[in-house]
Amino acid sequence: MKVGILTGGGDCPGLNPAIRGVVYRGMDFGFEFVGIEEGWRGLVKGIYRPLGLSDVEEIIYQGGTMLGSSRTNPFKKGGEKDLEAVLSNIKEAKFDAIVALGGEDTLGVAAKLYSQYGVPTVGVPKTMDNDLSGTDFTFGFDTAAAVGLDAIDRLRDTARSHRRVMVLEVMGRHAGWVAWYVGVAGGADWVTLPEEPLDVDAMVAHLNAVRARGKKYGLVVCSEGTELPALSGEEKAVDDFGHVKLSDRSVGEFVASTITEKTGWESRHAVVGHVHRGGAPTLFDRVLGMRVGIKAAELVRDKQFGQMAALVGTEVKGVDIVGATSVLKVVPPQLVELMKTTFK
Ligand code: F6P
């Protein structure tokens, strides 16, 4: 069997271990692997590289993706020519299966290629946002959250020294998983999530109470997708997340300046940004990456196309890609409430 492997969307630690897992297990079945570079763009343009044992042997500890990535989506409006190219290149290269490693967008393409054109695809879920349904965790999340935790621990030192409130903005797009974990594990005094609009009054009242009980510093974690209140007199805009925000300020910057203004407590902010996505994958992400990669090769062997290798409890199994990509997994209300019990 000739199997093409690609990685699409934002990179994250764990992609290389996952590629290694697919190739290692596929070798047991005699598969021939071809690396498709730069995600779906590589299939549009026919950018390939050989992928054998010696190519993947050493990559288990490396961040990023050895295959490169892109956000090309041949099903996006105006992508008809790209889609034609993808379909004819798959035929020309004689791929018997495509293993796509990606998030909602990349796997959505794999699902449509399978359901609408019968292309034999198998998915491997990845995203630092941890917002894919059908799987309990995605690799990339543990490493990204660990980077955020390291940042909040460092900010605690300077917050305590300067008697300030330090605000950390973390990534996560439409879901607050990274902020939730970093906030709870970092002992934050307040956390803002995309799952509920920012309640400025509640945050200010709580920070005032924290200060009144004698604590000399504060820590706040903000998810980048938090919906900000629209303020009169400020230019309003809708951000990438469809949320109303102040056009020229990040969530972290807005929250820090609001805290200073409304509590009189000096505040500063820092943004983790793409630092989340770099560096060596954690132990958890390496093992999860290898496990879902191995399962993907087994799904190809069993011709279980249209499926994605998912972590369900402690087991890795095939689940329907369409189901997994049709609804985003956000932080449920009971976990939001649990998080709030940690603010004292
Ligand atoms: O989806 C992963 C993610 O890192 C989000 O958390 C973030 O909003 C986005 O990608 C950033 O995308 P880009 O790398 O295109 O700036």
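At position 265 of the sequence shown (counting the first as 1) the number is 265 in full-length UniProt numbering, and the numbers step up by one without a gap. Using N, Cα and C, we set each Cβ at its ideal position, and we do this for glycine too. Model, not experiment: these values are computed from the prediction.
1) CA-CA distance, Thr121 and Val238?
2) If you draw a straight line from the alpha carbon of residue 424 to that of Arg25, how long is it in whole angstroms?
3) How should Leu338 be labelled, buried or exposed, when 16 other C-beta atoms within 10 angstroms of its C-beta is the threshold for buried?
4) Below 6 angstroms CB to CB, which residues in the same chain sit around Thr65 once its five sequence neighbours on both sides are set aside?
5) Based on the DSSP output, what are the partners of Lys2 in its beta bridges?
6) Alpha carbon to alpha carbon, how far is Val220 from Val99?
7) With distances taken between CB atoms, is the gap from Ile323 to Ser70 smaller than 8 angstroms?
8) Could you tell me how far apart the beta carbons of Val22 and Ile5 are, in whole angstroms, since I believe they sit closer than 8 angstroms?
9) Could you please give me the residues that DSSP links to Gly102 through a beta bridge?
10) Between the region 297-315 and the region 76-87, do at least 3 Cβ pairs fall closer than 8 angstroms?
11) Tell me whether residue 363 counts as near the ligand F6P, meaning its Cβ is closer than 7 angstroms to at least one heavy atom of that ligand.
12) What residue does the beta strand (DSSP E) around Arg49 start on, and which one ends it?
13) Within the same chain, show all residues whose beta-carbon is closer than 7 angstroms to that of Phe284, passing over the 5 residues directly before and after it, in chain order.
14) Can you give me the C-alpha to C-alpha distance between Ala296 and Val124, rounded to a whole angstrom?
15) Ordered along the chain, which non-local residues of its own chain (more than five positions away) have a Cβ less than 6 angstroms from that of Val330?
16) Looking at the unbroken beta strand (DSSP E) that takes in Asp320, where does it start and where does it end?
17) Between which two residues does the beta strand (DSSP E) carrying Glu169 extend?
18) From this set, Val204, Asp199, Gly52 and Val191, which residue's C-alpha is nearest Leu335's C-alpha?
19) So, do the region 176-184 and the region 208-215 have three or more beta carbon pairs nearer to each other than 8 angstroms?
20) Does the Cβ of Asp157 have 16 or more other Cβ atoms within 10 Å, making it buried, or fewer, making it exposed?
21) For Thr226, which residues from the same chain have a beta carbon less than 6 angstroms from its beta carbon, with the 5 sequence-adjacent residues on both sides left out?
22) Measuring CB to CB, does His269 end up less than 8 angstroms from Glu169?
23) Output needed for Gly68: all residues of its chain with C-beta closer than 6 angstroms, excluding positions within five of it in sequence on either side, in chain order.
24) Would you check whether the ligand F6P has a heavy atom nearer than 7 angstroms to the C-beta of Glu227?
25) Please state whether DSSP places Trp265 in a helix, a strand or coil.
Let me spell this out:
1) Taking the sequence shown and counting its residues from 1, one reaches residue 121 at position 121. Taking the sequence shown and counting its residues from 1, one reaches residue 238 at position 238. Inter-residue distance for Thr121 and Val238 is about 35 angstroms (C-alpha atoms, whole angstroms).
2) Outside the displayed span of the chain (1 to 344) sits residue 424, for which this structure offers no information.
3) Residue 338 sits at position 338 when you count from the first residue of the sequence shown. Around the Cβ of Leu338, a 10 Å sphere holds fewer than 16 other Cβ atoms; the residue is exposed.
4) The residue labelled residue 65 in the question sits at position 65 within the sequence shown. Answer for Thr65: Thr7, Asp11 and Leu15, listed in chain order.
5) Numbered from 1 along the sequence shown, position 2 holds the residue referred to as residue 2. DSSP output for Lys2 lists Glu32 as bridge partner(s).
6) Here residue 220 refers to the residue found at position 220 of the sequence shown. Here residue 99 refers to the residue found at position 99 of the sequence shown. Rounded to whole angstroms, Val220 to Val99 spans 40 angstroms at the Cα level.
7) Counting from one through the sequence shown, the residue named residue 323 turns up at place 323. Counting from one through the sequence shown, the residue named residue 70 turns up at place 70. The displayed chain sequence assigns Gly, not Ile, to residue 323. In this structure, Gly323 lies away from Ser70, with their beta-carbon atoms at least 8 angstroms apart.
8) Looking up residue 22 in the sequence shown gives position 22. Looking up residue 5 in the sequence shown gives position 5. With 8 angstroms as the limit, Val22 and Ile5 qualify as a contact, their Cβ atoms being about 6 angstroms apart.
9) For the purposes of this step, residue 102 is taken as residue 102 along the sequence shown, with counting starting at 1. According to DSSP, Gly102 bridges with Pro125.
10) In short, these stretches do not touch, since the Cβ pair count stays below three.
11) It is not possible to answer for residue 363, since the shown part of the chain is limited to 1 through 344.
12) Mapped onto the sequence shown, residue 49 falls at position 49. Residues Tyr48 to Pro50.
13) To locate residue 284, count along the sequence shown from 1; it is residue 284. Once the five neighbours on either side are set aside, the close Cβ partners of Phe284 are Asp142.
14) To locate residue 296, count along the sequence shown from 1; it is residue 296. To locate residue 124, count along the sequence shown from 1; it is residue 124. Each residue's alpha carbon lies about 7 angstroms from the other.
15) As a position in the sequence shown, residue 330 is number 330, starting the count at 1. The residues are Ala175 and Glu195.
16) Position 320 of the sequence shown holds residue 320. Where Asp320 is concerned, the enclosing beta strand (DSSP E) stretches over Glu315 to Asp320.
17) Looking up residue 169 in the sequence shown gives position 169. Here the beta strand (DSSP E) through Glu169 covers Val165 to Val170.
18) Here residue 335 refers to the residue found at position 335 when the sequence shown is read from its first residue. Among Val204, Asp199, Gly52 and Val191, the Cα nearest to that of Leu335 is on Val191.
19) Result no; under three Cβ-Cβ pairs closer than 8 angstroms.
20) To locate residue 157, count along the sequence shown from 1; it is residue 157. Exposed, by the Cβ-count rule.
21) The count along the sequence shown starts at 1 and reaches residue 226 at position 226. For Thr226, the CB contacts under 6 angstroms within the same chain, skipping 5 residues up- and downstream, are Thr192, Pro194, Leu198 and Val251 in chain order.
22) Stepping through the sequence shown from its first residue, residue 269 is reached at position 269. Stepping through the sequence shown from its first residue, residue 169 is reached at position 169. Their beta carbons are under 8 angstroms apart, which means His269 touches Glu169 by this criterion.
23) Residue mapping note: residue 68 aligns to position 68 of the sequence shown, counting from 1. Taken in chain order, the residues that qualify are Glu37 and Glu38.
24) Here the question's residue 227 lines up with position 227 in the sequence shown. No; taking the cut-off as 7 angstroms, the Cβ of Glu227 has no heavy atom of the ligand F6P nearer than that.
25) Counting from one through the sequence shown, the residue named residue 265 turns up at place 265. Annotated three-state conformation of Trp265 is coil, per DSSP.
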